[in-house]
Ligand code: DGL
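Residue numbers (my numbering): 1 to 271.
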C-alpha cells in the first residue's frame, strides 16, 4: 500500500537534515523518524555495534508498517546498509550512494574530498562508491570528529568552528592539492555549510563544490519510489518523530529540521 509511511533513521538528531530534504521533495509521503539519541554518536563505534543498533531500529520501524527505509546516518549507511538490504523485507536506501553519485556528477578536477566521522572514513564506503561510478577520480578522505559536537552546540558561525574546519581542511589539502569537490559525508555538516565553504575556498585557493548527501538522498528516494510504484498520492497522517532519549532535545532538533519538532515520542527499542 503506497500510503504506508517511509521510515527514516539516524544515530540522533542530525538525520533531521535528511527529513527536511525529504519533506520538501515528497510532500505527499508520511515519514516516521527514529533518532537514536540515547546511543549517539555512532561515528566512534565499531561496525559490529552500528549494525546491531541499525537492525534493532529497522525492526522498530517495520513494526510501524513502513514501506521503505532511508538510512539517514552516514556512519550507519557505511557499516550497515548491506546487512539491512540482505535481511529486511522492504527496499532500503542509504546516504552514501546518492552522495557519491552527486560527487561523481560534478567533479571536474579529477580529485574529490570526503569528510565524515571516523567510522565513515575508515569504512572506505564513499571511496568505493565514487570509484565504482568514476574510476578516473582520486578520492581523499578526512575524518572530522569535532564537527558533530560543534554543530550540536549550535556553534555554526563561531570562530572556534572556523578554526577547527580550517585545521581539518588543511590536513586534507596536504594530500589533495587540487580538489574541486567536497562531499559533506555526515548528517551534521549541512548545518556548517557556510563555514566549510569559506574555509575550503581559503585553504584550496579557489571555490570548492560542496555535495550535500541529504539533498542527493531525497532525490534518489523519489526516483526509487517512483520506479517501484511506491509513491503515495496523498498523505493520510502527520509525520511521527521517535527518539530514544529526549534530554536537551527541542533546541537542537529544531536547528536540524529548520522548525520546531512537535509531538516527539519516546521509543522503546527493546522489542
Ligand atoms: N549521524 C552521524 C553520521 O552521519 C553523525 C553523528 C554520529 O557520529 O552518530 O555519520
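Cβ coordinates follow ideal geometry from the N, Cα and C atoms, glycine included.
Classification of residue 82 by the beta-carbon crowding that lies within 10 angstroms, buried from 16 upward: It is exposed - the Cβ of residue 82 has fewer than 16 other Cβ atoms within 10 Å.
Relative to ligand 1, is the shortest distance from any of its heavy atoms to the C-beta of residue 188 smaller than 7 Å? True, at least one ligand heavy atom lies under 7 Å from that Cβ.
Option in 188, 218, 165 with minimal Cα separation from residue 197: Nearest of 188, 218, 165 to residue 197, Cα basis: 165.
Can you tell me the Cα-Cα spacing of residue 218 and residue 29, whole angstroms? Answer to the nearest angstrom: the Cα atoms are 12 Å apart.
7 Å Cβ shell around residue 85 - same chain, five flanking residues per side excluded: Short of 7 Å from the beta carbon of residue 85, and not among the five residues preceding or following it, lie these beta carbons of its own chain, in chain order: 92.
What's the C-alpha gap between residue 58 and residue 207? Residue 58 and residue 207: Cα-Cα distance of roughly 39 Å.
Cβ neighbours of residue 51 in the same chain (closer than 8 Å, five flanking residues each side left out): Only 79, 80, 83 meet the Cβ criterion.
Beta-carbon separation (whole angstroms), residue 264 vs residue 22, contact threshold 8 Å: 18 Å between Cβ atoms; not a contact.
Of the choices 3, 2, 34, whose alpha-carbon is the least far from that of residue 242? Check the Cα spacing between residue 242 and each of 3, 2, 34: the tightest is with 34.
With respect to 7 Å, is the separation between the Cβ of residue 73 and the closest non-hydrogen atom of ligand 1 below this value? The nearest non-hydrogen atom of ligand 1 is less than 7 Å from the C-beta of residue 73.
Just checking residue 89 against ligand 1 - is the residue's beta carbon closer than 7 Å to any of the ligand's heavy atoms? Residue 89: no, Cβ never under 7 Å from ligand 1.
Taking its Cβ as the centre, do 16 or more other Cβ atoms sit within 10 Å of residue 177, making it buried, or is it exposed? The residue in question, residue 177, is exposed, as its Cβ has fewer than 16 Cβ neighbours within 10 Å.
Per DSSP, which residues does residue 290 bridge with? Please list them. In this structure the chain extends from 1 to 271, so residue 290 is not present and cannot be described.
Spatial neighbours of residue 170 within its chain, please: CB distance less than 8 Å, with the 5 preceding and 5 following residues excluded, ordered by chain position. Only residues of its own chain outside the window of five on either side were considered, and among them 203 have a CB closer than 8 Å to the CB of residue 170, listed in chain order.
Quick check: is any heavy atom of ligand 1 less than 7 Å from the C-beta of residue 148? Answer for residue 148: yes, Cβ within range of ligand 1.
Relative to ligand 1, is the shortest distance from any of its heavy atoms to the C-beta of residue 120 smaller than 7 Å? Residue 120: yes, Cβ under 7 Å from ligand 1.
Can you name, in chain order, every residue of its own chain whose Cβ lies under 6 Å from the Cβ of residue 168, other than the five neighbours on each side? The answer, listed in chain order, is 142, 144.
Return the CA-CA distance between residue 26 and residue 110, expressed in angstroms with no decimal places. Residue 110 has its alpha-carbon roughly 33 Å from the corresponding atom of residue 26.
Within 8 Å, strictly: CB atoms of residue 236 and residue 19: No, the pair does not count as a contact, with Cβ atoms beyond the cut-off.
Tell me, please, which residues DSSP counts as bridged to residue 265. Per DSSP, 242.
Going straight from the alpha carbon of residue 98 to that of residue 181, what length do you get? When rounded, the distance between both Cα atoms is 15 Å.
Reduced DSSP category for residue 40 - H, G, I as helix; E, B as strand; rest coil: Looking at residue 40 - three-state DSSP - the assignment turns out to be coil, as it is neither helix nor strand.
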